[in-house]
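Shown next, in the form of structure tokens:
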């Protein structure tokens, strides 16, 4: 049954009328009802609401005597209607729209409906279940005895008085109590909705949505920390672009980090003031200047601890045309969790197709690396790969070659050097192939001396510390030097003794073998590789194997296994180079040599902008070829796996 307007929505009891008389009283009530209908039809005026509340309350005992209170179990709330998921912006807009609609419907007396089921003054529809703000304790107490259902007109529930008077007084009671509950009894203002409070506190929302990489990549310079305050007063265009005020005003989920990535009006780059551009010199930068491309500020952005990882490898390919099917174990060993920042690979007796070899290297390293430079001296190859992000901080790359053969046209033995400056640290990489032979130690020392004297580097790139350089030794003209290759130094021991030591120590305990190593002895005397160091060796000799097998030379020559392939290093400054790993790759068996590699952690220093920069140049054609090859290989692997899953195997027992 519908209730008159103005009754509270939270009323949970229903007052029903009962009959206490006999048939006579029933007939009298019917006659009185007919008279009331005629009277109402004749007047056509609604009952007056101006009767005081005190007079209407006097009728409660008479009404109570003819009524009995019957409690009804409240119905459970309706199940929520399923809707599609909405975003945070859409939900906030809906809440705002419903609130505005409810306000308009309450203030407009002609409005007959509301979007959220709010109270209406002239609507006979049943009230929705919700919360109403309590106005007065007495009003709440009296509302239990005078609910809308108790005062509703019905044929068998009228009081002893006149029917017309009873209907008028019931309407007056309902209007009076409705006015009290809506605030009309206390103030003559317009009806207002009570504040809706959540049933329980809302769960906390995680606002830190930006990733660590975003936080690092869009870090704001120290001189631009006051950008928000400065731009609002000077630029006056923060609100007109996708800035902090727009992000905070539209209800979008954000945090300080995500808004920091949009500090610039037109891009994610850090804003630069005009006065800073005038004061900075990008051609003649200094170590302490703010904004220098090779300076300390930019170096700390990419290398906070000023250490970079370098991978150096050497491999004598024996001139084989066949390349390994997979180079992952060679270039990407599983021991370190992360790839290195720079990869330098030197090859002796390289394969005939040098370009194919470089494409295979690019395919293995993937799109994160680019070929900074590659050079060749006969069958000596060297390739330098660097991370794509770091190519802008490299100087021009220079290279030089030295032939140690008597006939210079024969370029199977000699040295190849590549040098460049990275930030403020100069690097020199040399790969060599010295004279072979068990007893030709002096010839190998002559190859070394000729290389350090004849290698003409650097050429155009200035020396970072010319006061510590020597014109007779190229290795003294660079901060960090890595020398690697097939040095051909052997073990001064017969084959039987070496085999017995290797069989006794299957766990690569090779300390007994190194006692007979020629290179270790010569370096300890200072006759070769002066100032160089070598990491501790914990791998088996890299020469000489049977091709495709793990056994050492089984031919008639029975060559003694030796550590011919080595990686040594030196630095101008103490402890600038730290060896992380030094090992070989036994899974590559296409040559009689096993590849040898070393991982280093190298300290990098800031530099000046007055050096000739490489301007981000790299071998783009090689990059695209390697990436296409990588994508094609991956598609073939997926197709093979799919074919294997779809194929069925029948077994007959």
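In full-length UniProt numbering, the protein residues as written are 1 to 653.
The beta carbon of each residue, even a glycine, is placed where N, CA and C say it ideally should be.
Small disclaimer: the values here were computed from a predicted structure and weren't measured.
Go ahead and pull the three-state DSSP assignment for residue i.
{"i": "residue 381", "result": "strand"}
{"i": "residue 607", "result": "coil"}
{"i": "residue 305", "result": "coil"}
{"i": "residue 499", "result": "helix"}
{"i": "residue 393", "result": "helix"}
{"i": "residue 449", "result": "helix"}
{"i": "residue 516", "result": "coil"}
{"i": "residue 248", "result": "Caution applies to residue 248, whose pLDDT of 41 falls short of 50 and renders its modelled position unreliable; the value that the coordinates give is listed next. In the structure shown, residue 248 sits in a helix (DSSP, three-state: H, G or I)."}
{"i": "residue 441", "result": "helix"}
{"i": "residue 463", "result": "coil"}
{"i": "residue 661", "result": "Nothing in the structure corresponds to residue 661, since the chain is present only between 1 and 653."}
{"i": "residue 325", "result": "coil"}
{"i": "residue 633", "result": "helix"}
{"i": "residue 412", "result": "coil"}
{"i": "residue 521", "result": "helix"}
{"i": "residue 256", "result": "In this predicted model, residue 256 has a pLDDT of only 45, less than 50, meaning its place in the structure is not dependable; the value taken from the coordinates is given anyway. Residue 256 falls in the helix class under three-state DSSP."}
{"i": "residue 278", "result": "helix"}
{"i": "residue 293", "result": "coil"}
{"i": "residue 510", "result": "coil"}
{"i": "residue 300", "result": "helix"}
{"i": "residue 387", "result": "strand"}
{"i": "residue 337", "result": "coil"}
{"i": "residue 272", "result": "coil"}
Output the distance between the C-alpha atoms of residue i and residue j, rounded to the nearest integer angstrom.
{"i": "residue 641", "j": "residue 627", "result": "21 Å"}
{"i": "residue 371", "j": "residue 377", "result": "18 Å"}
{"i": "residue 565", "j": "residue 298", "result": "37 Å"}
{"i": "residue 388", "j": "residue 315", "result": "25 Å"}
{"i": "residue 92", "j": "residue 78", "result": "24 Å"}
{"i": "residue 447", "j": "residue 485", "result": "13 Å"}
{"i": "residue 452", "j": "residue 364", "result": "33 Å"}
{"i": "residue 559", "j": "residue 510", "result": "18 Å"}
{"i": "residue 534", "j": "residue 519", "result": "10 Å"}
{"i": "residue 562", "j": "residue 538", "result": "13 Å"}
{"i": "residue 553", "j": "residue 593", "result": "11 Å"}
{"i": "residue 98", "j": "residue 302", "result": "51 Å"}
{"i": "residue 382", "j": "residue 273", "result": "44 Å"}
{"i": "residue 332", "j": "residue 521", "result": "32 Å"}
{"i": "residue 517", "j": "residue 435", "result": "16 Å"}
{"i": "residue 526", "j": "residue 623", "result": "42 Å"}
{"i": "residue 340", "j": "residue 309", "result": "5 Å"}
{"i": "residue 271", "j": "residue 328", "result": "42 Å"}
{"i": "residue 576", "j": "residue 478", "result": "13 Å"}
{"i": "residue 548", "j": "residue 459", "result": "43 Å"}
{"i": "residue 493", "j": "residue 557", "result": "15 Å"}
{"i": "residue 463", "j": "residue 405", "result": "30 Å"}
{"i": "residue 401", "j": "residue 550", "result": "34 Å"}
{"i": "residue 426", "j": "residue 439", "result": "36 Å"}
{"i": "residue 513", "j": "residue 342", "result": "32 Å"}
{"i": "residue 502", "j": "residue 495", "result": "11 Å"}
{"i": "residue 476", "j": "residue 398", "result": "16 Å"}
{"i": "residue 323", "j": "residue 588", "result": "9 Å"}
{"i": "residue 571", "j": "residue 530", "result": "11 Å"}
{"i": "residue 505", "j": "residue 330", "result": "24 Å"}
Give the range of the beta strand (DSSP E) segment to which residue i is assigned.
{"i": "residue 483", "result": "480-486"}
{"i": "residue 349", "result": "Residue 349 -> no beta strand (DSSP E), and no H or E assigned at all."}
{"i": "residue 534", "result": "Neither: residue 534 is in no beta strand (DSSP E) and is coded neither H nor E."}
{"i": "residue 398", "result": "398-403"}
{"i": "residue 431", "result": "425-433"}
With a cut-off of 8 Å on the beta carbons, I'd call residue i and residue j a contact; round off their distance for me.
{"i": "residue 361", "j": "residue 338", "result": "About 19 Å; that fails the 8 Å criterion."}
{"i": "residue 638", "j": "residue 366", "result": "Incorrect: roughly 17 Å between the Cβ atoms, too far for contact."}
{"i": "residue 294", "j": "residue 609", "result": "6 Å"}
{"i": "residue 472", "j": "residue 612", "result": "Between residue 612 and residue 472 the Cβ distance is about 26 Å, and since that is not below 8 Å, they are no contact."}
{"i": "residue 318", "j": "residue 433", "result": "Rounded, the Cβ-Cβ distance is 12 Å, inconsistent with contact."}
{"i": "residue 344", "j": "residue 429", "result": "5 Å"}
{"i": "residue 359", "j": "residue 625", "result": "5 Å"}
{"i": "residue 379", "j": "residue 600", "result": "About 26 Å separates the two Cβ atoms, so there is no contact after all."}
Need the endpoints of the alpha helix (DSSP H) that residue i sits in, please.
{"i": "residue 361", "result": "354-365"}
Give a single yes or no on whether residue i has its beta carbon closer than 7 Å to a heavy atom of the ligand NAP.
{"i": "residue 301", "result": "The ligand content of the structure shown is nil, which means the ligand NAP is not present either."}
Does residue i come within less than 8 Å of chain D when only Cβ atoms are used?
{"i": "residue 585", "result": "Here there is only one protein chain, and chain D is not present."}
Mind pulling the beta strand (DSSP E) runs of 3 or more residues that sit fully within the segment 561-630? Counting whole runs of 3 or more residues, the segment 561-630 contains the beta strand (DSSP E) stretches 565-571, 577-584 and 596-603.
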